[in-house]
Amino acid sequence: MQLKVIKKGNGEMPLLVFHGIGQTGAECFGPLAERLADHCTTYLFDLPFHGESRIFFKDDRWESGRRPLSGQEWADYLDDFLKSAGIDRFSVAGFSLGGRFALATLAFFGSRVEHAFLIAPDGVVDQPVFRLATSTPLFRAIFEGVTRHPRILLNVAQVLSRTGLIHASLLKILHFLASGGKFSETVYRSWTNFRNLGFQLLADSPDAPVTMRKVYVFLGSYDRLVQKKDVNPLVKRLPESNFICLRAGHGSLVRQAVPEMLRIMLTNRR
């Protein structure tokens with residue numbers, strides 16, 4: 393596996409960051425990297441099917457979603473990356489979809505992680521519509537067909553919104569992705585191919601009790617996409633002070649988390 397990675401800053405603390413769906417590393421975490429440049433060397437990843445990493449994921453495997461990315465595959469890739477970059481210990485941050493990659497990183501490299509910042513993370517509790525769309529080959533085929541026709545998908549999403557299966561905020565994001573022509577690759581391929589990455593990998597890790605102490609979860613009080621119930625299995629295993637709620641919506645949460653992240657990294661250095 394290969395990914396596009398941008399290196400920013402020259403601080404002594406390595407920080408690996410993973411963006412949300414439909415974004416790139418620079419779009420999501422570029423301002424954070426600038427703010428932390430004196431303290432961190434930030435590595436901004438373009439995840440599979442996003443940004444400049446799209447070109448590396450063109451074969452039938454990723455098109456069909458029959459063999460999703462496994463935790464071990466991610467661990468093998470990241471191990472090679474850390475060796476090539478000369479990184480021993482590091483911190484990690486993941487926003488929304490990127491939370492799945494941060495959780496998988498913790499599962500396999502928890503002993504080397506200084507701090508982990510999960511910002512409105514996906515992958516702790518899968519939403520009903522996510523489970524339905526990715527659960528079987530039949531539903532994945534239906535999901536793929538629907539995502540190739542944005543108007544049909546939006547009509548379905550509107551029905552699901554009215555029945556309460558998805559929130560109106562998600563409907564707005566789907567409208568945005570459809571208008572940008574990014575549906576099939578960003579939604580279908582991401583949901584189907586990343587479905588095995590998430591909290592369960594960390595929960596099953598033998599080092600989980602120690603690793604959990606390094607995890608900080610950020611949620612926004614105005615965020616309707618990821619709420620406390622969506623991360624509660626993780627939050628209830630953290631120290632109380634490691635759960636941070638900010639006055640922010642989903643889109644502004646990364647920016648507002650930066651001062652807290654910096655404070656934590658500077659005052660809790662291991």
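If you number the sequence shown the way my numbering does, the last residue is 662 and the count never jumps. Backbone N, C-alpha and C define an ideal beta-carbon position, used for all residues, glycine too.
Under the three-state reduction of DSSP output, Gly443 falls in the helix class. The Cβ neighbour count for Ser445, taken over all protein chains shown within 10 Å, is at least 16; the residue is labelled buried. Rounded to the nearest whole angstrom, the C-alpha separation of Gly590 and Met405 is 25 angstroms. Secondary structure note for Gly490: its alpha helix (DSSP H) is the uninterrupted segment Gly490 to Phe501.
A contact is defined here as three or more CB-CB pairs under 8 angstroms, and the region 607 to 618 meets this definition with respect to the region 628 to 635.
Put simply, of Gln394, Gly412 and Leu408 the residue whose alpha carbon is nearest the alpha carbon of Leu645 is Gly412. Contact between Phe501 and Leu470 is confirmed by a C-beta separation of about 7 angstroms, below the 8 angstroms threshold.
Rounded to whole angstroms, the gap between the alpha carbons of Arg458 and Gly417 is 26 angstroms.
Here DSSP, grouped into helix, strand and coil, assigns Glu404 to coil.
For Asp480, the secondary structure class from DSSP, reduced to helix, strand or coil, is coil.
The alpha-carbon separation between Val517 and Glu419 amounts to approximately 26 angstroms.
At a Cβ-Cβ threshold of 8 angstroms, Lys400 and Ala425 count as neighbours. Our two residues, Phe448 and Arg492, have alpha carbons roughly 20 angstroms apart in a direct line. Unbroken alpha helix (DSSP H) stretches of 4 residues or longer found wholly inside the region 595 to 619: 600 to 603, given in chain order. In the assembly as shown, Cys432 is a buried residue. Its beta-carbon has 16 or more other beta-carbons within 10 Å. The residues Met604, in chain order, have a CB closer than 7 angstroms to that of Arg629 in the same chain once the five nearest residues on each side in sequence are set aside. One alpha carbon belongs to Ala467, the other to Phe410, and they sit about 15 angstroms apart.
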